[in-house]
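Just so it is clear: in the sequence shown, position 96 is 189 by the numbering used here, and no numbers are missing.
Even for Gly, the Cβ is constructed at its ideal location relative to N, Cα and C.
Note that the structure is a prediction, hence the values are computed from the model and not measured.
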Amino acid sequence: MSVTPTVQLATSDEEIVACHPVMHELRTHIDEQDFVARVRVQAQVDAFQLAYVRDQDLIVAVAGFRIGYNLAWGHYLYVDDLVTRATHRSQGFGAILLRWLHDFAHEAGCEQVHLDSGVQRKGAHQFYERHGMPNSMLHFHSVIRSNSA
C-alpha cells in the first residue's frame with residue numbers, strides 16, 4: 094500500500110464491471126454480464142450498493158451492501174459480499190473497507206452491521222472477529238427452485 098487507499102461507490106456499469114474480477118473470487122458462479130445485471134436488479138429492489146478499494150490502479154477489495162430495517166435488528170447495514178483480491182489479503186484493504194462500511198452505517202443512522210459468512214471460510218471468520226464482529230448466529234436455508242433449468 095503506497096498511499097492510503099480510498100473507498101468509492103461503483104455507480105456506472107464500467108465501475109461495476111471493474112469490480113467483477115475481485116467479486117468473482119467469492120462468487121465464482123457469476124459471469125461478468127450476469128454480475129452487472131444482478132447488481133442493477135439488487136440496486137432497484139433493495140437499494141444495494143457496491144463499494145470498492147483501489148490500490149493505485151487496481152481494484153483490490155469489493156463489498157456489496159444494503160441498508161434495511163427489521164424487527165430483530167432495527168435499522169441496520171447488511172453486507173451481502175465482502176472480498177479482497179487473494180494476492181492482496183492481509184495487507185489492510187479488507188479492514189479499510191470494513192471500517193468504511195461501519196462509518197457508512199453510522200452516518201446512515203444504522204444501529205448495527207450484519208453479514209453472513211460461509212462455514213468453510215475460517216480465515217474470514219477470524220478477520221471479522223478481530224474487527225469486533227463476533228459470530229452471533231447461524232443461518233439456515235432451503236432451495237425452492239434451482240437456477241439451472
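Once DSSP output is grouped into helix, strand and coil, what is the label at arginine 159? Arginine 159: strand per DSSP, three-state reduction.
Between Leu191, Tyr169, Pro227, which has its C-alpha nearest glutamine 205's C-alpha? A check of alpha carbon separations from glutamine 205 across Leu191, Tyr169, Pro227 identifies Tyr169 as the nearest.
For tryptophan 193 and valine 236, what's the separation of their Cα atoms in angstroms? Rounded to whole angstroms, the separation of the alpha carbons of valine 236 and tryptophan 193 is 33 Å.
Can you tell which of His232, Asp106, Ala165, Phe186 has its C-alpha closest to the C-alpha of phenylalanine 220? The shortest Cα separation from phenylalanine 220 among His232, Asp106, Ala165, Phe186 belongs to Phe186.
Spell out a yes or no on whether the region 94–104 and the region 135–145 are touching, meaning 3 or more CB-CB pairs, one atom from each, closer than 8 Å. Contact holds: three or more Cβ-Cβ distances are below 8 Å.
Taking histidine 195 and aspartate 209 to be in contact with their CB atoms under 8 Å, please state how far apart those CB atoms are, rounded to whole angstroms. 17 Å between Cβ atoms; not a contact.
List the whole-angstrom C-beta distance separating aspartate 173 from methionine 116, where the pair is believed to meet the contact cut-off of C-beta under 8 Å. 10 Å between Cβ atoms; not a contact.
The alpha helix (DSSP H) enclosing glutamine 137, as first and last residue numbers: According to the DSSP assignment, glutamine 137 belongs to the alpha helix (DSSP H) that extends over 125–139.
What does the Cβ neighbour count give for valine 134, buried or exposed, with the cut at 16 atoms within 10 Å? So valine 134 ends up on the exposed side.
Can you tell me which of the three DSSP states isoleucine 152 falls into? Strand, per DSSP.
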